[in-house]
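Residue numbers in the sequence shown follow this note's numbering, run continuously in steps of one, and reach 1057 at the last position.
For each residue, glycine too, the CB sits at the ideal point set by N, CA and C.
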Amino acid sequence: MSFLSKRLERIKPSATMAITAKAAELKVAGRDVIGLGAGEPDFDTPDDIKEAGILAIRKGWTKYTKVDGLQELKEAITEKFKRENNLIYSSDQINVGVGAKHVLFNALLATLDPGDEVIVPAPYWVSYPDMVSLAEGKPVIISPNEKNGFRLSPSALEAAITPRTKWLIFNSPSNPTGVAYSSKELAEIATVLIRYPHVHVMSDDIYEHLVYDDFKFATLAAVEPSIFNRVLTINGVSKAYAMTGWRIGYAGGDVALIKAMAKIQSQSTSNPASMCQVAAIQALNGPQNFIQKRRTEFQKRRDMVVNMLNDANGITCQKPEGAFYVYPSCKGLIGTKTPLGDTINSSEELAKYLLDSVGVAVVHGAAFGLDPHFRISYAASMTILEEACLRIQRAVKELN
Ligand SMILES: Cc1ncc(COP(=O)(O)O)c(C=O)c1O
């Protein structure tokens, strides 16, 4: 009998976290490495939010709170949903967890029985399929039609639905592609969902505020109110407020589901850290104008990175609407040889070559379920990104 559980065999460690750790390790060893693997803003948490957290500790917010979140935070969240998304939730329809990742986990554990199917459109955030497997569900991956520019098509969604389908996990703007769906595109997805009342949706809106040019963010439950009760609208403070380490995520959904999620949470983590919840109230209720400034900066970075990658031999890069990732294709480099004579057979081998030859860490596409591509996070300064792109251009020129 093995000591470690069979459950462990169903999952892999997060590839993005592994690349970030590897880049950090090489830097400590003295290598000149630029890490473009991390999924977090390089900006700092705004000062008013930090102060709210510090003050919360001083005021004694150091004890347990209600398992799935402070009432005051739930009220700030219902206000946010009303103000920004036109979604009307009451506070008993809100779950607050230790990051959006935890909220997703609560929902999957609360609803999946062995073999229940969860549709995950590729390319996907690395954690979705593994979280489904941990909860004993079956991830059903839909591969995108390249012509759709990484978008889930309504017909592909319909073809993947079976009587065992419990959830569709839907993420816009997307990690890893940055693709975001307009309200018209969401309405087309919703037309399919209306026909299958047993299918629920996790709408992961964590990159909501990071959209560029004139793109208008929209979310499924607001676009199609008739499916409101079947949508769990997931969000959090990690990305928009640069609060990844504070670990606060939240969701709005049907009361029975929210109660079930709290039951799971009551026997696992209990409440998210109390002082972090107080800081999240400040994030949601406090000044929001810094978000626009950061958005402008991210947009400049996106434009530069996309242009420079498109100038690199064998790489083509689509300009995405949001998030802080690009997902270029490296199809043109498959089959080429490195100066050392090794053949590049996959994006994973290309990523290894980029790290070894020019010290740039990117994440290979297989981790996100769609190859041959790789992901670059542009959550770094213009200077660093320019240097990284120049290095990539130099490295791929050496391939033939
Ligand atoms: C698509 C997506 N959803 C959820 C999360 C998790 O965010 P949190 O820090 O709130 O757990 C991430 C983080 O990378 C993400 O990219």
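Any non-hydrogen atom of ligand 2 within 7 Å of residue i CB
i: residue 706; result: Absent from the structure shown: ligand 2. Ligands present: ligand 1.
Among the options, nearest to residue i - alpha-carbon criterion
i: residue 663; options: 770, 791, 917 and 927; result: 791
i: residue 736; options: 821, 751, 1041 and 900; result: 751
i: residue 755; options: 1055, 827 and 764; result: 764
i: residue 1051; options: 968, 844, 740 and 863; result: 968
i: residue 896; options: 822, 982, 856 and 824; result: 982
i: residue 1053; options: 904, 1023, 991 and 1028; result: 991
i: residue 687; options: 1011, 948, 1016 and 945; result: 1016
i: residue 798; options: 816, 804 and 806; result: 816
i: residue 768; options: 892, 823, 862 and 1044; result: 823
i: residue 914; options: 938, 818 and 761; result: 761
i: residue 903; options: 928, 888 and 1044; result: 928
i: residue 676; options: 1048, 1055 and 1013; result: 1013
i: residue 861; options: 759, 933, 1022 and 977; result: 759
Neighbourhood of residue i by C-beta, 7 Å cutoff - its chain only, sequence neighbours within 5 removed
i: residue 935; result: 709, 710, 713 and 718
i: residue 880; result: 840, 843, 844 and 847
i: residue 1034; result: 693, 694, 695, 696, 981 and 982
i: residue 684; result: 690
i: residue 806; result: 836 and 975
Residues of its chain near residue i, where Cβ-Cβ distance is below 6 Å and the 5 sequence neighbours each way are ignored
i: residue 702; result: 899 and 900
i: residue 943; result: 705
i: residue 785; result: 777 and 826
i: residue 833; result: 780, 982, 984, 1025 and 1032
i: residue 800; result: 779
i: residue 971; result: 989, 990 and 1053
Exposed unless 16 or more other CB atoms sit within 10 angstroms - verdict on residue i
i: residue 923; result: exposed
i: residue 672; result: buried
i: residue 964; result: exposed
i: residue 859; result: buried
i: residue 1029; result: buried
i: residue 749; result: exposed
i: residue 912; result: exposed
i: residue 1057; result: exposed
> Looking at C-beta atoms only, is the number of pairs between the stretch 699-718 and the stretch 906-917 that lie closer than 8 Å three or more?
Replying inline: no
> What are the complete alpha helix (DSSP H) segments, minimum 4 residues, inside the stretch 813-878?
Replying inline: 840-852
> Any contact of the stretch 988-996 with the stretch 1037-1050, i.e. 3+ C-beta pairs under 8 Å?
Replying inline: no
>> Count Cβ pairs between the stretch 876-890 and the stretch 783-802 that sit closer than 8 Å; are there 3 or more?
In response: no
> Of all the alpha helix (DSSP H) runs that stay within the bounds of the stretch 685-742, which reach a length of 4 or more residues?
Replying inline: 704-715 and 728-742
>> Extract the residue ranges of the alpha helix (DSSP H) inside the stretch 940-1013, only unbroken runs of 4 or more that lie entirely within it.
In response: 946-967
>> For the stretch 687-701 against the stretch 912-927, do three or more pairs of beta-carbon atoms, one drawn from each stretch, fall closer than 8 Å, so that the two count as touching?
In response: no
> If we count Cβ pairs, one from each stretch, closer than 8 Å, do we get three or more for the stretch 824-840 versus the stretch 767-783?
Replying inline: yes
> Does the pairing of the stretch 952-963 with the stretch 721-730 give three or more beta-carbon distances under 8 Å?
Replying inline: no
> Which runs of the alpha helix (DSSP H), 4 residues or longer, sit entirely within the stretch 775-799?
Replying inline: 784-791
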